[in-house]
């Protein structure tokens, strides 16, 4: 099994400005020793996902050496003037599997301003554009997917659907799922207000078993549920015959991981 969405952080270090004391459950250091204490024993690799819009966080994650780490999703501002140079430097790191600009609090059309050269460099190196967004960003992201058909895109947390505006989210998800280079993560759904079963029905119908990737979103998950609770719910929702793909094989393919979960060979590795 691959857990495709895990966070670690050190409060006040490596650019860590979130979480703060207003979230006491999360306001402490989290590392992979903590993760092992709660995770399923079948997990043989994790993708560490940046949690800070700061290069120091990405550099720290890339420097970690725990054998459980299958790869790192780092951060870069893909709309910055120096985005192509920054992406080119990061792409040379063997453990980088993708980049995730934190767009959830940005303008609806943020992806319209993403640098096309930087995006092309991502695609050239077989790296993923990870999308931390809200439903209002899906139209802009869809246009990006159309402009860059060779770029693999993974939408985190199914774009964070809410009970209010659920029908609009369905329409936007159906529209972007038409692009075969777009995938979605089954992650982060326990902390959103939309009903889980209804969300799953939509993403299963629109993306299908080959374009869905499971992740825990640990430790943010613990604001709403335990690791075991979320994994059990996900296992019940996904048909048994598709467990191998959703809980491992899809992540290995999309993020170019070898069978043992480690980064696979290829350009940029």
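In the numbering used here, the protein residues as written are 56 to 324. The beta-carbon is built from N, C-alpha and C at its ideal position, and this holds for glycine as well. Fair warning: this is a prediction, and the values are worked out from it, not measured in the lab.
Counting only the Cα atoms, residue 156 lies some 6 Å from residue 132.
When C-alpha distances from residue 147 are compared across 223, 306, 96 and 177, the shortest belongs to 177.
Around the C-beta of residue 245, 16 or more other C-beta atoms lie within 10 Å, and the residue is accordingly described as buried. Between the segment 217-233 and the segment 286-305, the count of Cβ pairs shorter than 8 Å is below three; the stretches do not touch. Closest by C-alpha distance to residue 249, out of 261, 134 and 212, is 212.
Around the beta carbon of residue 80, fewer than 16 other beta carbons sit within 10 angstroms, so the residue counts as exposed.
Cβ-Cβ separation between residue 57 and residue 82: approximately 28 Å, too far for a contact (criterion under 8 Å). Taken in chain order, the complete beta strand (DSSP E) segments of 3 or more residues contained in the segment 195-259 are 207-210 and 237-241. Cβ-Cβ separation between residue 60 and residue 219: approximately 25 Å, too far for a contact (criterion under 8 Å). With respect to the C-alpha of residue 95, the residue from 302, 311 and 104 having the closest C-alpha is 302. Straight-line measurement puts the Cα of residue 99 at about 26 Å from the Cα of residue 251. Ranking 186, 128 and 89 by CA distance to the CA of residue 159 puts 186 first. Residue 117 and residue 110 have their C-alpha atoms roughly 11 Å apart. For residue 164, the closest C-alpha among the options 192, 123, 243 and 240 is that of 192. Excluding residues up to 5 positions away in sequence, 166 and 186 lie with their Cβ nearer than 6 Å to the Cβ of residue 196 in the same chain. Nearest Cα to residue 128 within the set 145, 153, 234 and 107: 153. Between residue 72 and residue 107, the C-beta spacing is below 8 Å. For residue 287, the enclosing alpha helix (DSSP H) covers residues 282-292.
Only residues of its own chain outside the window of five on either side were considered, and among them 69 have a CB closer than 6 Å to the CB of residue 115, listed in chain order.
Collapsing the DSSP output to three states places residue 171 in a helix. Rounded to whole angstroms, the Cβ separation of residue 126 and residue 310 is 6 Å, and the two are in contact under 8 Å. Counting other Cβ atoms within 10 Å of its Cβ, residue 206 reaches 16 or more and is therefore classed as buried. Residue state for residue 60 is assigned as strand, using DSSP reduced to three classes. From the listed residues 112, 102, 74 and 216, the smallest Cα separation to residue 121 is found for 102. Looking at 236, 223, 189 and 198, the one whose alpha-carbon comes closest to that of residue 208 is 236. Taking 3 residues as the shortest admissible run, the segment 92-158 contains the following complete beta strand (DSSP E) segments, listed from N- to C-terminal end: 100-104, 124-129 and 151-154.
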